[in-house]
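There are 2 protein chains.
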Amino acid sequence: MRIHLKNIVLFQNVDEETIKKIEHFTTEHKVSKENIVFYEGDEPKYLYLLVKGVIKLYKTSSNHKEVVLKYFHDNELIGEVANFEGMPYPATAKAYSDVEVLKIDFEKLKDVIFSNPNLAFNIQTSLVKKIKNLENIISTNLVLDSKERVAKYIYNHADDFFETKNIEIAEILGVSPETLSRILKFFKDHDIINVKKKYIDRDALIQYF
Amino acid sequence: MRIHLKNIVLFQNVDEETIKKIEHFTTEHKVSKENIVFYEGDEPKYLYLLVKGVIKLYKTSSNHKEVVLKYFHDNELIGEVANFEGMPYPATAKAYSDVEVLKIDFEKLKDVIFSNPNLAFNIQTSLVKKIKNLENIISTNLVLDSKERVAKYIYNHADDFFETKNIEIAEILGVSPETLSRILKFFKDHDIINVKKKYIDRDALIQYF
DNA sequence: TATAATTACTGATTTATATCAACACGATGG
DNA sequence: CCATCGTGTTGATATAAATCAGTAATTATA
Numbered sequence: 000m001r002i003h004l005k006n007i008v009l010f011q012n013v014d015e016e017t018i019k020k021i022e023h024f025t026t027e028h029k030v031s032k033e034n035i036v037f038y039e040g041d042e043p044k045y046l047y048l049l050v051k052g053v054i055k056l057y058k059t060s061s062n063h064k065e066v067v068l069k070y071f072h073d074n075e076l077i078g079e080v081a082n083f084e085g086m087p088y089p090a091t092a093k094a095y096s097d098v099e100v101l102k103i104d105f106e107k108l109k110d111v112i113f114s115n116p117n118l119a120f121n122i123q124t125s126l127v128k129k130i131k132n133l134e135n136i137i138s139t140n141l142v143l144d145s146k147e148r149v150a151k152y153i154y155n156h157a158d159d160f161f162e163t164k165n166i167e168i169a170e171i172l173g174v175s176p177e178t179l180s181r182i183l184k185f186f187k188d189h190d191i192i193n194v195k196k197k198y199i200d201r202d203a204l205i206q207y208f
Numbered sequence: 000m001r002i003h004l005k006n007i008v009l010f011q012n013v014d015e016e017t018i019k020k021i022e023h024f025t026t027e028h029k030v031s032k033e034n035i036v037f038y039e040g041d042e043p044k045y046l047y048l049l050v051k052g053v054i055k056l057y058k059t060s061s062n063h064k065e066v067v068l069k070y071f072h073d074n075e076l077i078g079e080v081a082n083f084e085g086m087p088y089p090a091t092a093k094a095y096s097d098v099e100v101l102k103i104d105f106e107k108l109k110d111v112i113f114s115n116p117n118l119a120f121n122i123q124t125s126l127v128k129k130i131k132n133l134e135n136i137i138s139t140n141l142v143l144d145s146k147e148r149v150a151k152y153i154y155n156h157a158d159d160f161f162e163t164k165n166i167e168i169a170e171i172l173g174v175s176p177e178t179l180s181r182i183l184k185f186f187k188d189h190d191i192i193n194v195k196k197k198y199i200d201r202d203a204l205i206q207y208f
């Protein structure tokens with residue numbers, strides 16, 4: 000295996016011997032952009048650990064509307080719930096860029112977790128992070144309206160906002176590109192953002208959410 | 000203390016000695032209906048374990064709209080994320096009925112978790128349950144429209160649907176009572192539910208979500 | 001450089017759902 | 001027994017955002 004587990008956050012402070020054991024039932028995979036990692040409804044067998052790239056997790060509703068639940072980045076665990084609960088994956092995971100993942104045999108990992116407090120602690124931390132993220136999605140999507148969501152997004156992504164395509168931002172925020180365009184126009188008209196000068200008035204933005 | 004921790008799901012399979020230790024920094028509280036357990040923004044110090052009753056967790060948006068994130072029932076843990084992450088509570092918890100809670104000093108509990116695999120495992124299970132619930136909220140609220148949400152609710156609550164007030168169901172589903180009334184009328188008109196006969200055509204309902 | 005493809009903008013229309021308003025019905029309490 | 005309160009129903013209207021449609025601007029490609 001090319002990737003060494005000990006360099007991965009999830010396995011920090013876990014002893015060499017345990018790591019070696021885990022490496023025995025872990026495989027490394029490359030998934031190229033736009034390919035599916037797993038489908039909604041698939042039976043889980045592996046825990047996925049995203050090493051590199053971005054994975055998009057989404058659901059398709061009955062009327063074929065795609066709702067993005069989350070974009071996963073480096074070092075994030077994917078599919079714990081399905082694995083822990085022995086239920087089919089509730090959403091589809093697709094490579095949003097070229098991606099490197101580790102597939103860990105979950106049944107075997109479970110035993111190791113149980114006998115290794117450090118690993119258990121790391122998994123716990125990862126679960127808590129995920130809860131935090133989900134709670135954030137809920138409060139962002141259910142509590143804020145579109146303009147507030149956009150304001151919050153720009154505020155939190157001031158560094159790369161001008162380098163991100165609007166259609167991507169629209170997808171992330173779950174609004175239509177047209178709506179986003181109109182909201183951005185509003186912020187431009189109010190001198191809160193300036194695309195040419197790459198200027199963002201964060202103090203003004205914060206008023207909007 | 001009146002309540003014995005060993006009778007609580009979270010402490011199942013945890014040895015007597017550990018339980019006794021935990022009892023030393025756990026206190027028991029009664030909160031009567033409509034009173035606040037903690038406010039959004041409060042600094043967390045205790046982990047709450049709901050022993051009896053229902054606690055409503057909600058956020059109030061900038062335009063004073065209340066969004067219910069979750070109703071907690073018996074044996075559920077409240078506030079793990081805030082405690083684990085050392086961040087202020089992201090939402091307000093209010094007693095929805097008369098309620099009994101345990102307040103557990105989190106800093107002290109943390110040490111115990113670390114040295115007790117069974118407890119760690121139980122906490123992990125509780126975290127996974129919470130993730131599952133949050134994912135469910137997201138898919139219900141973001142992917143389904145109102146009619147689909149109502150159909151899903153009736154399908155999943157066939158046993159107590161006719162005993163629950165519509166205004167409560169509306170709040171749980173995050174739709175207005177008027178909208179719920181109109182949707183129920185639709186299902187009645189299509190002979191999918193019948194209030195007098197307390198009849199629910201679950202097979203027909205499932206088509207709607 | 002010219003052409004095609006993608007992305008962004010803008011106006012008009014549609015849609016789902018909330019809100020407002022009026023009213024009906026049953027339960028509760030003086 | 002009537003008045004009041006909580007709940008449910010129904011219609012009319014308002015609102016946020018999606019969709020549709022056309023065009024402009026930008027980026028990629030031949």
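Those sequence lines, one after another, are chains A and B. All the letters of the first sequence, read from the start, carry residue numbers 0 to 208 under numbering that gives the first Met the number 0. All the letters of the second sequence, read from the start, carry residue numbers 0 to 208 under numbering that gives the first Met the number 0. By construction, the Cβ of each residue, glycine as well, lies at the ideal position given by its N, Cα and C atoms. Just so you know, these numbers come straight off a predicted model, no measurement behind them.
Check	Outcome
Per-residue DSSP class, three states only, for B:K146	helix
For A:D188, the first and last residue of its enclosing alpha helix (DSSP H)	P176 to D188
Start-end ranges of the beta strand (DSSP E) lying completely within the stretch 71 to 156 of chain A, minimum 3 residues	91 to 94 and 98 to 104
Euclidean distance between Cα positions of A:L76 and A:V36	13 angstroms
Sub-9 angstroms separation of A:G52 and A:Y88 beta-carbons	no
Any 3 or more C-beta pairs closer than 8 angstroms across the stretch 39 to 56 of chain B and the stretch 186 to 206 of chain A	no
A:L4 versus B:N117 - alpha carbon distance	25 angstroms
CB contact check: A:T124 to chain B, cutoff 9 angstroms	yes
Cβ of B:D171 within 9 angstroms of any chain A Cβ	The sequence given here places Ile at residue 171 of chain B; Asp does not occur at that position. B:I171 does not count as touching chain A.
Cβ-based burial, A:Q123 [other Cβ within 10 Å; buried from 16]	buried
Contacts that A:V80 makes with chain B (C-beta to C-beta distance below 7 angstroms)	V127, I130, K131 and E134
Enclosing alpha helix (DSSP H) for B:H3 [first to last residue]	No alpha helix (DSSP H) contains B:H3, which DSSP labels as neither H nor E.
Cβ shell of B:F71 (< 6 angstroms), same chain only, five flanking positions each side left out	L49, I54 and I77
Local conformation of A:K20 per DSSP, three classes	helix
Exposure of A:K184, with buried meaning 16 or more beta-carbon neighbours within 10 Å	exposed
Status (buried if at least 16 other CB within 10 Å, exposed otherwise) for B:N38	Before going further, note that residue 38 of chain B is Tyr rather than Asn in the sequence given. So B:Y38 ends up on the exposed side.
Range of the contiguous alpha helix (DSSP H) that encloses A:E167	N165 to L172
B:I103 versus B:N121 - alpha carbon distance	15 angstroms
Beta carbon of B:K131 nearer than 9 angstroms to that of A:E42	no
Chain B contact residues for A:N140, given Cβ-Cβ distances below 9 angstroms	I137, N140 and L141
Alpha carbon of B:L56 to alpha carbon of B:V111, nearest angstrom	27 angstroms
Alpha-carbon spacing of B:I171 relative to B:K195, whole angstroms	23 angstroms
Residue-chain proximity (B:L108, chain A), Cβ-Cβ < 9 angstroms	no
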